[in-house]
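Written out below as C-alpha coordinates is the structure these notes cover.
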Amino acid sequence: MSYGTQWRRVSPKYVAVEIAASIIAGVVLAAVSVFFILVVRAWFGWWMLGASIAIMIVLLIVAPRRARAIGYQLRDDDLLFRRGIMFLRIVAVPYGRMQLIDINRGPLGRALGLSDLKFVTAAATSGVAIPGLPEAEADALRDQLIGLAEARRTGL
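In terms of UniProt numbering, the sequence shown is numbered consecutively and its last residue is 156.
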(Lines of atoms letter the chains of each structure in order from A and count residues from 1; the text may use other names and numbers.)
(Lines give C-alpha, C1' and ligand atoms only; values in the text may rest on other atoms or scores of the structure.)
Protein backbone atom coordinates (compact mmCIF):
# COMPACT_ATOMS: atom_id res chain seq x y z
CA MET A 1 0.00 0.00 0.00
CA SER A 2 1.22 3.49 -0.84
CA TYR A 3 -1.05 5.55 1.40
CA GLY A 4 1.85 7.33 3.02
CA THR A 5 3.08 8.90 -0.22
CA GLN A 6 3.55 12.63 -0.42
CA TRP A 7 1.22 14.91 -2.29
CA ARG A 8 2.64 15.89 -5.67
CA ARG A 9 2.26 19.58 -6.36
CA VAL A 10 1.67 21.47 -9.55
CA SER A 11 4.43 23.57 -11.09
CA PRO A 12 5.35 26.80 -9.28
CA LYS A 13 4.83 28.52 -12.66
CA TYR A 14 1.10 27.89 -12.23
CA VAL A 15 1.02 30.81 -9.78
CA ALA A 16 1.49 33.13 -12.80
CA VAL A 17 -1.61 31.62 -14.43
CA GLU A 18 -3.64 32.17 -11.25
CA ILE A 19 -2.38 35.77 -10.96
CA ALA A 20 -3.24 36.46 -14.62
CA ALA A 21 -6.75 35.07 -14.09
CA SER A 22 -7.16 37.29 -11.01
CA ILE A 23 -6.04 40.37 -12.92
CA ILE A 24 -8.40 39.62 -15.81
CA ALA A 25 -11.33 39.15 -13.42
CA GLY A 26 -10.50 42.44 -11.69
CA VAL A 27 -10.18 44.33 -14.97
CA VAL A 28 -13.51 42.99 -16.25
CA LEU A 29 -15.26 43.98 -13.00
CA ALA A 30 -13.60 47.41 -13.11
CA ALA A 31 -14.67 47.89 -16.75
CA VAL A 32 -18.28 47.13 -15.85
CA SER A 33 -18.02 49.63 -12.99
CA VAL A 34 -16.58 52.31 -15.27
CA PHE A 35 -19.43 51.66 -17.71
CA PHE A 36 -21.93 52.36 -14.93
CA ILE A 37 -20.03 55.48 -13.89
CA LEU A 38 -19.57 57.02 -17.36
CA VAL A 39 -22.49 55.77 -19.45
CA VAL A 40 -25.31 55.05 -17.01
CA ARG A 41 -24.17 57.77 -14.59
CA ALA A 42 -25.21 55.59 -11.68
CA TRP A 43 -24.04 56.58 -8.21
CA PHE A 44 -23.34 52.96 -7.24
CA GLY A 45 -20.74 52.66 -10.02
CA TRP A 46 -18.13 54.12 -7.65
CA TRP A 47 -19.03 51.50 -5.05
CA MET A 48 -18.74 48.82 -7.71
CA LEU A 49 -15.33 50.15 -8.75
CA GLY A 50 -14.10 50.11 -5.16
CA ALA A 51 -15.45 46.60 -4.65
CA SER A 52 -13.87 45.34 -7.89
CA ILE A 53 -10.48 46.73 -6.89
CA ALA A 54 -10.80 45.17 -3.44
CA ILE A 55 -11.80 41.82 -4.98
CA MET A 56 -8.83 41.94 -7.34
CA ILE A 57 -6.42 42.68 -4.47
CA VAL A 58 -7.82 39.79 -2.42
CA LEU A 59 -7.61 37.44 -5.41
CA LEU A 60 -4.00 38.49 -6.04
CA ILE A 61 -3.09 37.85 -2.40
CA VAL A 62 -4.80 34.45 -2.32
CA ALA A 63 -3.65 33.27 -5.80
CA PRO A 64 -0.25 31.85 -4.77
CA ARG A 65 -1.74 29.94 -1.84
CA ARG A 66 -4.58 28.63 -4.00
CA ALA A 67 -2.06 27.32 -6.56
CA ARG A 68 0.03 25.64 -3.85
CA ALA A 69 -3.06 23.93 -2.41
CA ILE A 70 -3.53 21.83 -5.56
CA GLY A 71 -2.05 18.34 -5.35
CA TYR A 72 -2.46 14.72 -6.31
CA GLN A 73 -1.38 11.26 -5.20
CA LEU A 74 -1.12 8.06 -7.17
CA ARG A 75 -2.28 5.29 -4.88
CA ASP A 76 -2.63 1.55 -5.48
CA ASP A 77 -6.23 1.64 -6.74
CA ASP A 78 -6.99 5.28 -7.42
CA LEU A 79 -5.77 8.79 -8.02
CA LEU A 80 -6.40 11.17 -5.14
CA PHE A 81 -6.81 14.86 -6.04
CA ARG A 82 -7.15 17.83 -3.72
CA ARG A 83 -7.85 21.50 -4.23
CA GLY A 84 -9.01 24.44 -2.16
CA ILE A 85 -8.06 26.56 0.81
CA MET A 86 -11.23 27.30 2.76
CA PHE A 87 -13.34 24.65 1.13
CA LEU A 88 -11.04 21.68 0.71
CA ARG A 89 -12.13 19.22 -1.97
CA ILE A 90 -10.55 15.76 -2.10
CA VAL A 91 -11.65 13.42 -4.89
CA ALA A 92 -10.59 9.80 -5.38
CA VAL A 93 -10.82 8.61 -8.97
CA PRO A 94 -10.51 4.81 -9.30
CA TYR A 95 -8.26 3.83 -12.20
CA GLY A 96 -10.86 1.40 -13.56
CA ARG A 97 -13.45 4.20 -13.84
CA MET A 98 -11.28 6.49 -15.98
CA GLN A 99 -12.72 6.64 -19.48
CA LEU A 100 -10.77 9.49 -21.00
CA ILE A 101 -7.68 11.42 -19.95
CA ASP A 102 -7.38 14.71 -21.80
CA ILE A 103 -4.51 17.21 -21.92
CA ASN A 104 -5.35 20.87 -22.47
CA ARG A 105 -2.84 23.63 -23.07
CA GLY A 106 -4.13 27.20 -23.01
CA PRO A 107 -2.17 30.13 -24.45
CA LEU A 108 -0.63 31.28 -21.16
CA GLY A 109 0.00 27.70 -20.05
CA ARG A 110 1.70 26.94 -23.37
CA ALA A 111 3.91 30.00 -22.99
CA LEU A 112 4.94 28.75 -19.54
CA GLY A 113 5.24 25.10 -20.64
CA LEU A 114 2.23 23.97 -18.56
CA SER A 115 -0.65 21.59 -19.25
CA ASP A 116 -3.96 20.70 -17.62
CA LEU A 117 -4.81 17.02 -17.23
CA LYS A 118 -8.58 16.36 -17.24
CA PHE A 119 -10.30 13.10 -16.37
CA VAL A 120 -13.63 11.91 -17.71
CA THR A 121 -15.35 9.20 -15.72
CA ALA A 122 -18.78 7.61 -15.79
CA ALA A 123 -19.87 9.94 -12.98
CA ALA A 124 -20.91 13.30 -14.38
CA THR A 125 -19.98 15.14 -11.17
CA SER A 126 -16.36 14.02 -10.78
CA GLY A 127 -14.90 16.96 -12.74
CA VAL A 128 -11.29 16.28 -11.84
CA ALA A 129 -8.65 18.37 -13.58
CA ILE A 130 -5.05 18.74 -12.49
CA PRO A 131 -3.87 22.14 -13.74
CA GLY A 132 -0.35 23.49 -14.00
CA LEU A 133 1.62 20.34 -14.77
CA PRO A 134 4.82 20.67 -16.81
CA GLU A 135 4.18 19.35 -20.33
CA ALA A 136 6.54 16.37 -20.04
CA GLU A 137 5.09 15.39 -16.65
CA ALA A 138 1.52 15.69 -17.97
CA ASP A 139 2.33 13.47 -20.96
CA ALA A 140 4.05 10.86 -18.77
CA LEU A 141 1.25 10.92 -16.18
CA ARG A 142 -1.40 10.55 -18.90
CA ASP A 143 0.40 7.52 -20.35
CA GLN A 144 0.84 5.98 -16.89
CA LEU A 145 -2.83 6.53 -16.00
CA ILE A 146 -4.03 5.13 -19.32
CA GLY A 147 -1.99 1.99 -18.65
CA LEU A 148 -3.37 1.66 -15.14
CA ALA A 149 -6.94 2.28 -16.34
CA GLU A 150 -6.65 -0.35 -19.08
CA ALA A 151 -5.20 -2.89 -16.63
CA ARG A 152 -8.01 -2.27 -14.11
CA ARG A 153 -10.76 -2.44 -16.73
CA THR A 154 -9.53 -5.72 -18.17
CA GLY A 155 -9.45 -7.15 -14.65
CA LEU A 156 -13.15 -6.41 -14.08
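Just so you know, even glycine gets a beta-carbon here, dropped at the ideal spot from N, CA and C.
Excluding the five sequence neighbours on either side, which residues of its own chain have a C-beta within less than 6 Å of the C-beta of residue i, listed in chain order?
{"i": "PHE44", "result": "none"}
{"i": "TRP24", "result": "Per the sequence presented here, residue 24 reads as Ile, with Trp not at that position. Taken in chain order, the list of residues that qualify is empty."}
{"i": "SER115", "result": "ILE103, ARG105, LEU133, GLU135 and ALA138"}
{"i": "ILE37", "result": "GLY45"}
{"i": "residue 197", "result": "This structure does not reach residue 197, given that the chain is present from 1 up to 156, and the question cannot be answered."}
Taking just the CA atoms, how far does residue j sit from residue i?
{"i": "VAL40", "j": "ALA21", "result": "27 Å"}
{"i": "LEU108", "j": "LYS13", "result": "10 Å"}
{"i": "ARG153", "j": "LEU74", "result": "17 Å"}
{"i": "ALA151", "j": "MET56", "result": "46 Å"}
{"i": "TRP46", "j": "VAL58", "result": "18 Å"}
{"i": "ARG83", "j": "GLN6", "result": "15 Å"}
{"i": "ILE130", "j": "ALA67", "result": "11 Å"}
{"i": "ILE90", "j": "ALA42", "result": "44 Å"}
{"i": "TYR72", "j": "ARG110", "result": "21 Å"}
{"i": "residue 196", "j": "VAL28", "result": "This structure cannot speak to residue 196, because the chain is shown only from 1 to 156."}
{"i": "ALA140", "j": "MET48", "result": "46 Å"}
Could you check which residue in the options has the C-alpha nearest to that of residue i?
{"i": "TYR144", "options": "MET86, ILE57, LEU117 and VAL32", "result": "The amino acid at residue 144 is misidentified as Tyr; the sequence shows Gln. GLN144 has its Cα closest to that of LEU117, out of MET86, ILE57, LEU117 and VAL32."}
{"i": "ARG8", "options": "ALA149, ARG105, VAL15 and LEU79", "result": "LEU79"}
{"i": "PHE119", "options": "ARG66, GLU135 and ILE101", "result": "ILE101"}
{"i": "MET86", "options": "LEU114, VAL10, ARG65 and ARG97", "result": "ARG65"}
{"i": "GLY132", "options": "PRO94, LEU38 and ILE70", "result": "ILE70"}
{"i": "GLY147", "options": "PRO134, VAL10, PRO94 and ILE57", "result": "PRO94"}
{"i": "ARG97", "options": "ARG83, ARG142, THR121 and ARG105", "result": "THR121"}
{"i": "GLY26", "options": "LEU60, PHE81, GLN99 and TYR14", "result": "LEU60"}
{"i": "GLU135", "options": "SER11, TRP47 and ARG68", "result": "SER11"}
Inspect the beta-carbon positions of residue i and residue j and report whether they are closer than 7 Å.
{"i": "ALA63", "j": "GLU18", "result": "yes"}
{"i": "ILE103", "j": "ALA149", "result": "no"}
{"i": "PHE81", "j": "VAL128", "result": "yes"}
For residue i, which residues of its own chain have a beta-carbon under 7 Å away from its beta-carbon, when the five flanking residues on both sides are left out?
{"i": "GLN99", "result": "VAL120, THR121 and ALA122"}
{"i": "ASP77", "result": "PRO94 and TYR95"}
For the ligand ADP, is there a heavy atom less than 6 Å away from the beta-carbon of residue i?
{"i": "ARG82", "result": "By its list of ligands, the structure shown contains no ligand whatsoever, and the ligand ADP lies outside what it can speak to."}
Could you pull out every residue in the same chain whose Cβ sits closer than 8 Å to the Cβ of residue i, ignoring the five residues on either side in sequence?
{"i": "PRO142", "result": "The sequence given here places Arg at residue 142; Pro does not occur at that position. The residues are ILE101, ILE103 and LEU117."}
Practice prompt. Specify whether the segment 47-65 and the segment 14-33 touch according to this definition: at least 3 beta carbon pairs, one from each stretch, less than 8 Å apart.
Written response: yes
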